[in-house]
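*Asks:* This is the structure I want to talk about, given as structure tokens.
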Amino acid sequence: MIPFGLSSPETGNALKSDTPHSRRDAETGERWPVIDGIPYLRTNRRDLVARTLAHLDADEGEAALVGLLADQDDWWNGPPADPDALRRLVRERDTATLREAVDLLGWGRVGDYFLHRWTDPTFLAGLALLEAHWNDPSCVFEFACGIGQYLREFQARGAKVAGADVVFAKLWVARHWVVAPKAQLICFDAGSPHWPIAGAPVDLVVCNDAFYFLDDKATLLECLRQNAGDDGWLALSHIHNSDQPGFSAGRAVSAEEIEELFPDALVYDDAELTRALVELRAPAPRKPGDLRSCEAFSVVAGPGMRPAPRSVVDGLTLPREGTQLVLNPLYAEEAPGAYVVGWPSERYAAEYADRVTYPMRSPGPAVLDWVGEATSPDADRVRRREFVDLPERW
């Protein structure tokens with residue numbers, strides 16, 4: 001585990017262990033709840049914090065957890081979660097699949113994205129960005145980590161990992177279905193008065209498909225740079241371009257803003273990274289001004305980054321040797337030995353159908369024992385995510 005020392009997002013004072021289910025501000029006595037090892041440090045949820053602590057202090061763990069699982073980010077415009085469904089999920093968390101968890105949480109179309117993130121082109125672009133500049137970091141922190149797909153990849157390569165997200169339920173799902181137990185997970189707002197994990201530099205800081213959501217990007221970036229320290233590096237991928245239409249909410253940025261925010265960065269067209277992965281070559285960085293027509297930017301920055309990208313041929317972009325892979329679950333069997341892609345929603349198809357790396361039809365098989373060689377006969381099919389390494393209880 002990365003030894004992040006936590007501080008109060010309200011005061012900046014150190015947070016000390018108080019009870020098995022709480023942390024206390026060492027100076028003011030203010031308390032924050034902790035469930036399943038995940039501190040809940042959201043600053044604009046005072047009533048929820050108080051209710052959660054009251055439930056925990058009264059040994060009402062299920063009620064406390066259900067309350068936090070219902071909490072969402074401020075961009076959420078879907079219906080509220082069903083409390084009965086959440087209670088069922090809490091009781092069945094050791095046997096439920098990830099698909100069942102997402103359904104019981106009521107995530108709707110957002111759940112579609114999480115369930116199939118392992119194969120979407122923006123996830124692969126992020127992997128390609130990391131692989132092109134990979135330097136075997138021992139400690140990795142991911143901001144806005146969602147349910148932990150990237151954290152799982154880093155753990156598989158032996159790195160210690162920490163992840164933060166504003167939605168507690170995503171971290172809780174990561175804990176129980178996606179990442180190994182030693183991952184440190186923290187729930188807090190990017191716009192907190194005080195950054196609660198300052199003062200613990202890591203080798204690599206990652207943020208994928210989230211940076212454009214934040215209001216004060218310059219301040220957030222300064223906090224992330226502090227986490228990377230004097231020798232680490234940052235990889236931020238799929239930052240939406242404000243000059244192009246997109247499917248997501250948020251506050252996209254322009255090429256000029258990218259140049260201002262990241263004067264030391266190598267900048268990529270997000271789609272170029274996905275193409276480089278498929279074509280077994282190094283991705284080509286561009287000047288931000290040359291990328292005004294791209295859908296999204298990706299950047300690497302900081303003193304610890306590789307000075308030039310290398311070819312994306314193995315490493316993070318391929319599963320570990322000996323991993324049992326399954327056919328991409330977007331494929332449905334049309335006839336024996338014949339599978340065809342079926343999209344989870346019209347929106348998903350509209351966003352990804354013309355950019356995915358896998359073919360629309362596949363002969364299977366349903367399960368593939370991966371030998372782990374980049375020159376294997378199946379390597380291209382694995383690289384394109386026709387086959388995928390999913391969590392055990394996907």
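Quick note on full-length UniProt numbering: the sequence shown kicks off at 1 and runs consecutively. Quick reminder that beta carbons are idealized off the backbone N, C-alpha and C, glycines included. Bear in mind that the values here come from a model prediction, so they are computed numbers and not experimental data.
Tell me which same chain residues have a C-beta within less than 7 Å of the C-beta of K16, skipping the five on either side of it?
*Replies:* R23, R24, A26
*Asks:* Going straight from the alpha carbon of G29 to that of F297, what length do you get?
*Replies:* 43 Å
*Asks:* Residue ranges of each alpha helix (DSSP H) run of no fewer than 4 residues wholly in the stretch 325 to 377, ordered along the chain?
*Replies:* 346 to 352
*Asks:* Thinking just about the alpha-carbon of each residue, which of E131, T52, E10, H55 is nearest to the one in T43?
*Replies:* E10
*Asks:* Give, in chain order, every unbroken run of the alpha helix (DSSP H) that is at least 4 residues long and sits entirely within the stretch 89 to 151.
*Replies:* 98 to 105, 108 to 115, 121 to 132
*Asks:* Is K170 helix, strand or coil when you go by DSSP?
*Replies:* helix
*Asks:* Return the Cβ separation of Y266 and P288 in integer angstroms, given the expectation that the two are a contact with Cβ distance under 8 Å.
*Replies:* First, the amino acid is wrong: residue 266 is Leu here, not Tyr. Between P288 and L266 the Cβ distance is about 11 Å, and since that is not below 8 Å, they are no contact.
*Asks:* Assuming P363 and A338 form a contact by the criterion Cβ under 8 Å, report the distance between their Cβ atoms to the nearest whole angstrom.
*Replies:* Right, their Cβ atoms sit about 7 Å apart.
*Asks:* Helix, strand or coil: which one does DSSP assign to R281?
*Replies:* coil
*Asks:* Keeping to the same chain, check which residues put their C-beta closer than 6 Å to that of W343; ignore five residues upstream and five downstream.
*Replies:* A349
*Asks:* To the nearest angstrom, report how far apart G106 and P283 are at their CA atoms.
*Replies:* For the pair G106 and P283, the Cα-to-Cα distance works out to about 38 Å.
*Asks:* Alpha carbon to alpha carbon, how far is G199 from N208? Give it in angstroms, no decimals.
*Replies:* 22 Å
*Asks:* Do A276 and V299 have their CB atoms nearer than 7 Å?
*Replies:* V299 is positioned such that its CB atom lies no closer than 7 Å to that of A276.
*Asks:* Measure the C-alpha to C-alpha separation of D18 and G37 and round it to an integer number of angstroms.
*Replies:* So the two alpha carbons sit approximately 13 Å from each other.
*Asks:* For a quick check, are the C-beta atoms of A190 and L214 less than 7 Å apart?
*Replies:* yes
*Asks:* Please confirm whether A235 and L129 have their CB atoms less than 7 Å apart.
*Replies:* yes
*Asks:* Could you check if A58 is buried or exposed, using at least 16 other CB atoms within 10 Å of its CB as the buried criterion?
*Replies:* With a 10 Å radius around the Cβ and a threshold of 16 neighbouring Cβ atoms, A58 comes out exposed.
*Asks:* Is there contact between the stretch 137 to 144 and the stretch 49 to 57, where contact requires at least three CB pairs shorter than 8 Å?
*Replies:* no
*Asks:* What does the Cβ neighbour count give for T95, buried or exposed, with the cut at 16 atoms within 10 Å?
*Replies:* exposed
*Asks:* Can you grab the Cα-Cα spacing for the pair D112 / G148, in whole Å?
*Replies:* For D112 and G148, the distance between alpha carbons rounds to 15 Å.
*Asks:* Ends of the alpha helix (DSSP H) at I197?
*Replies:* Neither: I197 is in no alpha helix (DSSP H) and is coded neither H nor E.
*Asks:* Would the beta-carbon of V166 fall within 7 Å of that of D73?
*Replies:* A contact, by the Cβ cut-off of 7 Å.
*Asks:* Between G5 and V340, what straight-line distance do the alpha-carbon atoms span, to the nearest angstrom?
*Replies:* 49 Å
*Asks:* I think E131 touches T317, with their Cβ atoms under 8 Å apart; what is that distance to the nearest whole Å?
*Replies:* Right, their Cβ atoms sit about 5 Å apart.
*Asks:* In whole angstroms, what separates the C-alpha of F143 from that of L204?
*Replies:* Rounded to whole angstroms, F143 and L204 show a C-alpha spacing of 11 Å.
*Asks:* Is the beta carbon of G229 closer than 7 Å to that of P193?
*Replies:* no
*Asks:* In this structure, how does DSSP classify P39 when only helix, strand and coil are distinguished?
*Replies:* Correct three-state label for P39: strand.
*Asks:* Does the Cβ of D216 have 16 or more other Cβ atoms within 10 Å, making it buried, or fewer, making it exposed?
*Replies:* exposed
*Asks:* Drop a sphere of 10 angstroms on the beta-carbon of P196, count the other beta-carbons inside from all chains shown, and report buried for 16 or more, exposed for fewer.
*Replies:* buried
*Asks:* From the DSSP output, read off the bridge partner residues of W32.
*Replies:* R23
*Asks:* Can you tell me where the beta strand (DSSP E) holding Q72 begins and where it ends?
*Replies:* Unbroken run through Q72: none, as it is neither H nor E.
*Asks:* Pull up the DSSP beta-bridge partners for Q226, would you.
*Replies:* Paired residues: none, contrary to the question.
*Asks:* Leaving out the 5 sequence neighbours to the left and right, which residues in its chain are closer than 6 Å to H176 when beta-carbon positions are compared?
*Replies:* Once the five neighbours on either side are set aside, the close Cβ partners of H176 are R93.
*Asks:* Taking only the alpha-carbon atoms, compute the straight-line gap between S242 and V326 and give it to the nearest angstrom.
*Replies:* 37 Å
*Asks:* Is DSSP giving P390 helix, strand or coil here?
*Replies:* Per the sequence presented here, residue 390 reads as Leu, with Pro not at that position. In this structure, L390 counts as coil in the three-state DSSP scheme.
*Asks:* Classify Q184: buried if its beta carbon has 16 or more other beta carbons within 10 angstroms, exposed otherwise.
*Replies:* Taking every protein chain shown into account, the CB of Q184 has 16 or more other CB atoms within 10 angstroms, so this residue is buried.
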